[in-house]
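With my numbering, letter number 59 in the sequence shown gets 676, and the count goes up by one each step, no holes.
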Amino acid sequence: MTIDSRFNGWPHSLNIMQYKSHTHPTLEEAGTSIAVALQSEADTSDALAVIAFAGEPASSADIYLQLPSLGAKPMAEVWRSHLPLLQGEYGPLKYRCNNDLLFGWLYLDTGDCVDMDVASYQAYRQILDFITRQGYPHLQRIWNYFADINMHQADGLNRYQAFCQGRHRALAEKPHYLQELPAATVIGTQTGGMAIYFIAAKEPGIGIENPRQVSAFNYPLQYGPQSPSFARALVKRWGQQVHLYISGTASIVGHESRHANDVPGQLDETLNNLGALVEIARENYGMAIHSPADFSLLKVYLRNADDNEEVSRHLSKAFGSLDNVLLLQGDVCRQELLLEIEGVYIADA
Numbered sequence: 618m619t620i621d622s623r624f625n626g627w628p629h630s631l632n633i634m635q636y637k638s639h640t641h642p643t644l645e646e647a648g649t650s651i652a653v654a655l656q657s658e659a660d661t662s663d664a665l666a667v668i669a670f671a672g673e674p675a676s677s678a679d680i681y682l683q684l685p686s687l688g689a690k691p692m693a694e695v696w697r698s699h700l701p702l703l704q705g706e707y708g709p710l711k712y713r714c715n716n717d718l719l720f721g722w723l724y725l726d727t728g729d730c731v732d733m734d735v736a737s738y739q740a741y742r743q744i745l746d747f748i749t750r751q752g753y754p755h756l757q758r759i760w761n762y763f764a765d766i767n768m769h770q771a772d773g774l775n776r777y778q779a780f781c782q783g784r785h786r787a788l789a790e791k792p793h794y795l796q797e798l799p800a801a802t803v804i805g806t807q808t809g810g811m812a813i814y815f816i817a818a819k820e821p822g823i824g825i826e827n828p829r830q831v832s833a834f835n836y837p838l839q840y841g842p843q844s845p846s847f848a849r850a851l852v853k854r855w856g857q858q859v860h861l862y863i864s865g866t867a868s869i870v871g872h873e874s875r876h877a878n879d880v881p882g883q884l885d886e887t888l889n890n891l892g893a894l895v896e897i898a899r900e901n902y903g904m905a906i907h908s909p910a911d912f913s914l915l916k917v918y919l920r921n922a923d924d925n926e927e928v929s930r931h932l933s934k935a936f937g938s939l940d941n942v943l944l945l946q947g948d949v950c951r952q953e954l955l956l957e958i959e960g961v962y963i964a965d966a
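And the structure:
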């Protein structure tokens, strides 16, 4: 199968540059090749990627997302490595990599995202082909952001359903793809085309499913002709550390949305779902995590910015601190869902 003709102009040789990483003490002490934190002023000297959000300074950002930040102070999401890095470009795809992993990102313009089935298929084909050639064939974590996620296309599907079709077609071209689904987030932005960023590795991680929920890839047809292709969570060891990546998680039990028009109810149900994944990570994989309050980073997406105060108050009461919590305004895949939460937990292996 060939890439769409619009990709034929992409270069067939990589533009690769040395990118010297200065030692970052906390990473060096941890002995890991990747870590993440929220920072108000991003030092880019050892960054795998800096992600900024609408309303924040974007001068040092690799990725700028049209998601308004709802926090009191502008914060960037910064992924770092203490290992020497290479950086390069291949068409619209940019990346940095070390000996263990590749962190990549790409944008598609608005004009290329009229049909999200086509757009997502082409984007994922580009990503999968590239990471395979580079020797990092296993997607661990991937984030997807595009405008008008709940809007219907000319074919009758909403844009999220169409996205799921294209993503699945690309992933399913790999044998046994269901055994290696990445953790994932898909959120609607205010404007623009589609932005994707991802972590890929030389060896696969271990997918985790939530006993409180039907696996997303087994959803019934009422949610669209192709069920979403992602794992609820993924455990990955990097050197002397182990990471837990939690996919975007919402107020869904079984396969049904719960607590319509009830922000506190949806938040509690979402935290219950996160708690179930935390329990599996602790009991089955020996991770020293006890509750969602232990996450190294939590990103909370709110459909309505007016819910920020209530959600922040609820999370402050539950966690004691919001230091590792990033609140953003973004649309969730189902119209009735008002919020979604994802997380990263990092611990010694």
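We treat Cβ as the ideally placed atom computed from N, Cα and C, and that holds for glycine.
How is the beta strand (DSSP E) around residue i delimited, first residue to last?
i, result
"aspartate 965", "956-965"
"threonine 806", "800-806"
"lysine 916", "914-919"
"glutamine 743", "Counting along the chain, glutamine 743 falls outside any beta strand (DSSP E), though it belongs to the alpha helix (DSSP H) covering 733-751."
"glutamate 694", "693-697"
"glutamine 778", "Not the beta strand (DSSP E): glutamine 778 falls in the alpha helix (DSSP H), residues 776-788."
"glutamine 656", "652-656"
"glutamate 797", "Segment: none, glutamate 797 is in no beta strand (DSSP E) and carries neither H nor E."
"leucine 703", "702-707"
Decide if residue i is buried, meaning its Cβ has at least 16 other Cβ atoms within 10 Å, or exposed.
i, result
"arginine 811", "Note that residue 811 is methionine in the sequence shown, not arginine. That one is buried."
"glutamine 683", "buried"
"arginine 849", "buried"
"aspartate 948", "buried"
"lysine 853", "buried"
"asparagine 715", "buried"
"valine 731", "exposed"
"valine 961", "buried"
"arginine 930", "exposed"
"glutamine 757", "buried"
"leucine 944", "buried"
"histidine 769", "exposed"
"histidine 699", "buried"
"isoleucine 748", "buried"
"serine 864", "buried"
"leucine 932", "buried"
"aspartate 965", "exposed"
If you draw a straight line from the C-alpha of residue i to the C-alpha of residue j, how long is it?
i, j, result
"serine 844", "cysteine 781", "7 Å"
"glutamine 751", "arginine 742", "14 Å"
"glutamate 645", "serine 657", "Residue confidence is low: glutamate 645 scores 42 on pLDDT, short of 50, so the model does not pin down where it sits. No coordinate-derived value is stated."
"cysteine 950", "glycine 805", "7 Å"
"tryptophan 760", "tryptophan 722", "9 Å"
"lysine 934", "leucine 915", "15 Å"
"glycine 856", "glutamine 739", "33 Å"
"histidine 860", "aspartate 923", "33 Å"
"histidine 907", "serine 650", "24 Å"
"alanine 666", "glutamine 704", "11 Å"
"threonine 802", "tyrosine 918", "10 Å"
"aspartate 911", "methionine 692", "20 Å"
"alanine 779", "serine 874", "20 Å"
"glycine 773", "isoleucine 744", "27 Å"
"alanine 771", "aspartate 734", "12 Å"
"leucine 891", "alanine 654", "20 Å"
"leucine 956", "glycine 708", "34 Å"
"threonine 866", "aspartate 729", "28 Å"
"arginine 784", "glutamate 926", "35 Å"
Give me the residue from the options with the minimum Cα distance to residue i.
i, options, result
"isoleucine 958", "Tyr724, Gln857, Ser868", "Ser868"
"lysine 791", "Ile816, Asn835, Pro754, Ile863", "Pro754"
"arginine 697", "Cys730, Thr661, Pro685, Ala669", "Thr661"
"asparagine 901", "Asn767, Asn925, Ser686, Ile825", "Ile825"
"glutamate 820", "Leu798, Ile863, Ser938, Ile906", "Leu798"
"asparagine 941", "Tyr681, Ser650, Tyr814, Lys690", "Lys690"
"tyrosine 724", "Val695, Ala764, Leu756", "Ala764"
"alanine 893", "Ala833, Pro909, Ala669", "Pro909"
"aspartate 726", "Asp717, Leu710, Phe720", "Leu710"
"leucine 954", "Leu932, Met904, Val880", "Val880"
"alanine 898", "Tyr862, Asp734, Glu886", "Tyr862"
"alanine 669", "Glu886, Gly809, Val695", "Val695"
"alanine 817", "Ser846, Tyr712, Leu687, Leu838", "Tyr712"
"glutamine 839", "His872, Gly903, Gln946", "His872"
Tell me the residue span of the alpha helix (DSSP H) that contains residue i.
i, result
"asparagine 890", "880-902"
"phenylalanine 936", "925-936"
"cysteine 714", "Counting along the chain, cysteine 714 falls outside any alpha helix (DSSP H), though it belongs to the beta strand (DSSP E) covering 710-714."
Which residue or residues does DSSP assign as beta-bridge partners of residue i?
i, result
"serine 686", "Leu945"
"methionine 811", "Leu725, Phe763"
"threonine 866", "Ile958"
"arginine 854", "Val859"
"tyrosine 681", "Ala669"
"glutamate 971", "This structure cannot speak to residue 971, because the chain is shown only from 618 to 966."
"glycine 824", "Leu851"
"arginine 758", "Ala800, Ile816"
"leucine 719", "Cys714, Ala817"
Between residue i and chain D, is any beta-carbon pair separated by less than 8 Å?
i, result
"glycine 783", "The structure shown has no chain D; it contains just one protein chain."
Is residue i near the ligand NAP - that is, is its Cβ less than 7 Å away from at least one heavy atom of it?
i, result
"threonine 661", "This structure lacks the ligand NAP; in fact it carries no ligand of any kind."
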